[in-house]
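Engineer: Structure in structure tokens, see below.
In my numbering, the protein residues as written are 3 to 301.
Right, here's the structure in full:
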């Protein structure tokens, strides 16, 4: 009824260093995303659909990282890597739910940029407060039934190979490695779910940006093209970082998974990307920079 998260136990001399680095990364994620939530909420110049979704995205990043990093810090500090099956299933379930939310929210944000650039005259009408709220609620809740079902399916397996998960949190690939017998049906279900909750939103993102790029290239002035592209370049960068690492992790065959590669990729999309998101969105957005200046001047 218990698993052991091996995590970074193969690096005994670096435990203190790892604890410090994970703590710093977690603090940066919390402070950076919380700052974006505050500035988009209090500054009247940012009361737009784009920044409403950005605040949602920052809230999600805080939740997403909090599923894994506190447990990592606990394991390193207490030198206690055991985790009950129920805790492991709970962690995996929330991780998958928030991951699905991120896929859906990135698609919604790309749709928002598509409407703003390709249909600017009707932007306010299409992206009304009610529509924005509906899209946000769908993003947060849309993946819950699917991922609860997938978590139950995975943990209905019999585990007899070992109870040691060679990873720093409960994720699908290392857990499937511990299962007895043929897991091909479960692997297929993982691929199907990934195609529905990740690949389909990604196709929507690609469709939106293909139309956006065509529209931008048709603008008469270079200044207009640069301004239009600057409003969506940050979002596009985040999409590439998140989908790139997550797709490699979940769409590779089981035989191609290695603990070292899985850990490195997981670190990238669970910690590194959320840590850089506030910097990407603030440093590449003049409105956010101006709002941050106003916020600090007031204080």
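For every residue, glycine included, the Cβ atom is placed at its ideal position computed from N, Cα and C.
Between 8, 128, 125, 100, which has its C-alpha nearest residue 150's C-alpha?
Structural biologist: Of 8, 128, 125, 100, the residue nearest in Cα terms is 100.
Engineer: Report the three-state DSSP secondary structure of residue 6 (helix, strand or coil).
Structural biologist: Looking at residue 6 - three-state DSSP - the assignment turns out to be strand.
Engineer: So, at 7 Å on beta carbons, what are the nonlocal neighbours of residue 166 in its own chain, with the 5 sequence-adjacent residues on each side left out?
Structural biologist: Answer for residue 166: 6, 8, listed in chain order.
Engineer: Assign residue 123 to one of two classes, buried (16 or more other C-beta atoms within 10 Å of its C-beta) or exposed (fewer than that).
Structural biologist: Classification of residue 123: exposed, given that the 10 Å Cβ count is below 16.
Engineer: Where are the beta strand (DSSP E) runs, 3 residues long or more, that stay fully inside the region 166-250, in chain order?
Structural biologist: None, since the region 166-250 contains no complete beta strand (DSSP E) of that length.
Engineer: Under 8 Å between the Cβ atoms of residue 315 and residue 164?
Structural biologist: Outside the shown range of the chain (3 to 301) lies residue 315, about which nothing can therefore be said.
Engineer: Does DSSP classify residue 84 as helix, strand or coil?
Structural biologist: Residue 84: strand per DSSP, three-state reduction.
Engineer: Run through DSSP, which three-state label would residue 157 get?
Structural biologist: Residue 157 falls in the coil class under three-state DSSP.
Engineer: Are the beta-carbon atoms belonging to residue 27 and residue 39 less than 8 Å from one another?
Structural biologist: Going by C-beta atoms, residue 27 is not nearer than 8 Å to residue 39.
Engineer: If you draw a straight line from the C-alpha of residue 23 to the C-alpha of residue 120, how long is it?
Structural biologist: Cα-Cα distance, rounded: 43 Å.
Engineer: With a CB to CB cut of under 6 Å and the five nearest residues on each side skipped, what residues in its chain are close to residue 247?
Structural biologist: So the qualifying residues of the chain are 267, 270, 271.
Engineer: State buried or exposed for residue 15, treating a residue as buried only when at least 16 other CB atoms are found within 10 Å of its CB.
Structural biologist: That one is exposed.
Engineer: Measuring alpha carbon to alpha carbon, tell me which of 299, 234, 173, 245 ends up nearest residue 287.
Structural biologist: Among 299, 234, 173, 245, the Cα nearest to that of residue 287 is on 234.
Engineer: Quick one: is residue 281 near chain C, going by C-beta distance under 8 Å?
Structural biologist: Protein chain content of the structure displayed is limited to a single chain, and chain C is not contained in it.
Engineer: Mapping DSSP to helix, strand and coil, what is residue 13?
Structural biologist: Residue state, collapsed to three classes: coil.
Engineer: Any contact of the region 189-205 with the region 214-230, i.e. 3+ C-beta pairs under 8 Å?
Structural biologist: No, because fewer than three Cβ pairs between the region 189-205 and the region 214-230 fall closer than 8 Å, the two stretches do not touch.
Engineer: Classify residue 48: buried if its beta carbon has 16 or more other beta carbons within 10 angstroms, exposed otherwise.
Structural biologist: The residue is buried, with at least 16 neighbouring Cβ atoms inside 10 Å.
Engineer: Would a C-beta distance cut-off of 8 Å place residue 141 and residue 110 closer than the cut-off?
Structural biologist: The answer is yes: Cβ separation under 8 Å.
Engineer: In whole angstroms, what is the alpha-carbon distance linking residue 4 and residue 185?
Structural biologist: So the alpha carbons of these two residues sit roughly 20 Å apart.
Engineer: Are the Cβ atoms of residue 210 and residue 113 separated by less than 8 Å?
Structural biologist: A contact, by the Cβ cut-off of 8 Å.
Engineer: Apart from the five residues on each side of it in sequence, which residues of its chain come closer than 6 Å, Cβ to Cβ, to residue 182?
Structural biologist: So the list reads 160, 162, once near-sequence residues are dropped.
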